[in-house]
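Each remark here refers to the structure printed beneath this line.
Chains as they are written, first to last, in my numbering: chain A, -13 to 519; chain B, 459 to 807.
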């Protein structure tokens, strides 16, 4: 009996293995396959998309009013706009349409589509709508302020005091995507402007059309042969959801994907020198910072603030825990972008930190106890541990509270934290985006609930910072404007509630035969149409 | 015909109808309790579904608008009542995470888990039952020790680690099996979604290349789950078999000169079938709940990952929908077990 049972087991195993085919290694020559965690895609309507993976997808599905092209990622150029002009007072911007743009549906793009798309963002009032409502647009006036007097012309009237350069930069954000008005309105339900339909469908004109989106599984894009840039080399782009970084690495090494985008620092190190694989490094605009809630009395003292800034082990963290995935950057506008301030005046100096604390009346920590809130994931946990250890040396007891985003953000927005270590990236490619978040706080009362601003969340309200941010936002002279932002960043390095520590360095693994996969500084500057194999 | 004194206005129900009503009432109460507990737990968790939907950057106005849209401004009992009345019409609402009706998500995620759990349980039974029987028959001998050690490994080794190691060995190094996911990209979209179980759908469509590829993809994740299942089934089978082999009727059968094979399989094994069915049913349902770690390692879009991601993002519509499906499986498999008991044990009929 034992032999019959053994034989049966052996036969079953053989059948299982023989039935399984040898896997087809490699990806098709005309298909670009990416492995990444795309669980953050919750919808694909450009009026609402604000997550990393979703933003990458819509960059390639839609044309934007203004844009940054992969051949020069620092220069703002027209997307659907052929040319533009400003009125003398800078409050009216006239955009002339690029001719010959065709939507994926086959409908030709006109100025009416552009106007509709911008109006729609304001009327739907989803999370990123603030990018346009800051112009003075709201659902009641936007139809009058954003118009298409003819098929080739869009006229934007700005009622807020903002530089027209800022407005153009903001139009390069995801909300500046142009949707097919006719198609979208044909799916309108109960006056929703096609919102329910467009969450999971495509109304774009960009180089790729949406073929499939299976949440937490994959996205399949197919080439749009009438794209204004010409026919892309890759006929299809497939983004496979692979949550586990180790599995992403295996798939890349085997050649079953062309790029893996969530590899950890040690995995990237392991891939160095591996045949057939290359590592791409590119600056990213996300900043990691420590913020001090000004509702906590001790943290309002500038000497205590500076002491904390001197207590952080910037270089130690950068070299050990962060392993090159972040670089030291101590200003609120990321390096590599226009008007960035790249001086890093702080380095760890415990003697100075102790002296500052003593001057503030907290010699040897003065029995201080603080909490540090942060995300329950790497590298935030490790950075928090390092800060905790530094504070211990100063005599301050710090308790680390780890939470996931769904718990942490409501607490942060309710000002219930003391110290927090978090990350922030610009919403669009203009320094006002981060100046508005870090510096600008016109109303610090709890009732004001300016929860979109880091300054308000940390109860940090300085008149000079608010005024300087406002002045820079409306300055029309580019040279002056750049100088104003640099000055503001410099001042806030030593006089604010923040210790801005690091800037993300993007790294992905790529198969060596894949060329021209261009990624820019902002989270949505990802271009599939330039990829070749 | 005169009515009996004290009888009600309606004729008495036949016994089967009474039983049916009792079963339906119990089921309804169970599901109601399941939904209520899940719903209220979701509401007291320190996560904010509105914040999860609009994101950290949203202005207060956008956030409050979302709260109103999700009905979070209403008293909690009203929220539950509204949810319940929709759910009874088959509408579990939309998932915040996928923007799709929860029902549609479940139609995609649950079959993936069903497929994986079924194959894993089949492996577990195919190997676990004979191993358990052999171990009992050869108690304290080398075979018994090997089976018990394998069982210990199955229980103790972290499935996450084992999954990664198996990918490295069988996929990366040996190239015997394909990588993560349910299919290679070449085959995605070829077969229409009929049941959602790719092995079945591809066989129905006659797409044998797709079938082969799907089979290859399922082997590793199913083997991981099967190891745990096998360990449990083998251990319990051994225990049941030892119990039966110590009974007097077995001694009698041996003394009567029956072949050992007949004593074990026709008598001892048959007498332990009822207990074994319970064990296999429990093991199967355990796998149907979805194994988050296996699904993560192998990028398997199953219900475990769906519910877990939904929970972390306070997407309670999705969590409740998933919980109902798993609850229904639990109840269904229990009922199936009852039927099987009656088939294998005449005393239960």
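Each residue gets a CB set at the ideal place from its N, CA and C atoms; glycine is no exception. All of these numbers come straight from a predicted model, not from anything done at the bench.
Exclusion of the five residues before and after residue 504 (chain A) leaves 56, 513, 516 as the residues of its chain whose Cβ lies within less than 7 Å of its Cβ.
Here residue 400 (chain A) is exposed, its C-beta having fewer than 16 other C-beta atoms within 10 Å. Considered as a whole, the region 649 to 688 of chain B harbours 656 to 663 as its complete alpha helix (DSSP H) runs of no fewer than 4 residues, in chain order.
The beta carbon of residue 566 (chain B) falls within 8 Å of a beta carbon belonging to chain A, placing the residue at that interface. With contacts defined as CB atoms closer than 8 Å, residue 394 (chain A) and residue 384 (chain A) fail to qualify as a contacting pair.
The DSSP-derived three-state label of residue 730 (chain B) is helix.
Three or more Cβ pairs drawn from the region 564 to 575 of chain B and the region 750 to 768 of chain B lie within less than 8 Å of each other, which places the two stretches in contact. Beta-bridge annotation (DSSP): residue 72 (chain A) is paired with A:79. For residue 639 (chain B), same chain residues with a beta-carbon under 6 Å away, outside a window of 5 residues either side, are 757 in chain order. The beta carbon of residue 252 (chain A) lies closer than 8 Å to those of 309 in the same chain, with the five residues before and after it left out. The beta carbon of residue 25 (chain A) falls within 8 Å of a beta carbon belonging to chain B, placing the residue at that interface. With a beta-carbon spacing of about 20 Å, residue 513 (chain B) and residue 777 (chain B) fall beyond the 8 Å limit used to define contacts. As a beta-bridge residue in DSSP terms, residue 209 (chain A) pairs with A:194. Under the DSSP assignment, residue 52 (chain A) falls in the beta strand (DSSP E) whose first and last residues are 52 to 55. Distance check between residue 224 (chain A) and each of B:643, B:635, B:553, B:581 places B:643 closest, using alpha-carbon atoms only. Judged by DSSP secondary structure, residue 793 (chain B) falls within the alpha helix (DSSP H) whose first and last residues are 774 to 802. A direct Cα-to-Cα measurement between residue 39 (chain A) and residue 27 (chain A) gives close to 6 Å. For the region 187 to 198 of chain A, the beta-carbon criterion of a distance under 9 Å to any beta-carbon of chain B is satisfied by 197, 198. Counting only Cβ-Cβ distances below 9 Å, residue 647 (chain B) has contacts in chain A at 197, 198, 206, in chain order. Here residue 445 (chain A) is buried. Its C-beta has 16 or more other C-beta atoms within 10 Å. Of all residues in the region 536 to 558 of chain B, only 554, 555, 556, 557, 558 place a beta-carbon less than 7 Å from a beta-carbon of chain A. A contact is defined here as three or more CB-CB pairs under 8 Å, and the region 358 to 377 of chain A fails this definition with respect to the region 239 to 247 of chain A.
Under the 8 Å criterion on CB atoms, residue 643 (chain B) is classed as interfacial with respect to chain A.
Assignment of beta-bridge partners to residue 389 (chain A) by DSSP yields A:361.
Listed along chain A, the residues sitting closer than 7 Å to residue 770 (chain B) by beta-carbon distance are 390, 392.
In chain order, 123, 143 place their CB closer than 6 Å to the CB of residue 131 (chain A), counting only its own chain and leaving out the 5 sequence neighbours on each side. Only those residues of the region 205 to 233 of chain A whose C-beta falls short of 8 Å from the nearest C-beta of chain B are listed: 206, 224, 226, 227, 228, 229, 230, 232, 233.
Any Cβ of chain A closer than 8 Å to the Cβ of residue 629 (chain B) would place that residue at the interface, and such an atom is present. Fewer than three beta-carbon pairs drawn from the region 491 to 503 of chain A and the region 336 to 355 of chain A are found closer than 8 Å, and the two stretches are therefore not classed as touching. In this structure, A:32 is the residue among A:85, A:43, A:32, A:36 with its C-alpha nearest to the C-alpha of residue 105 (chain A).
Counted as a single uninterrupted DSSP element, the stretch harbouring residue 449 (chain A) is not any beta strand (DSSP E) but the alpha helix (DSSP H) occupying residues 449 to 460.
For residue 234 (chain A), the closest alpha carbon among the candidates B:649, B:626, B:790, B:557 is that of B:626.
Contact of residue 509 (chain B) with chain A by beta-carbon distance below 7 Å involves 392, 395, 396.
The bridge partners DSSP lists for residue 264 (chain A) are A:496. Per DSSP, the beta bridge partners of residue 489 (chain A) are A:273, A:313.
When 7 Å is used as the limit between beta carbons, residue 242 (chain A) is near these residues of chain B: 637, in chain order.
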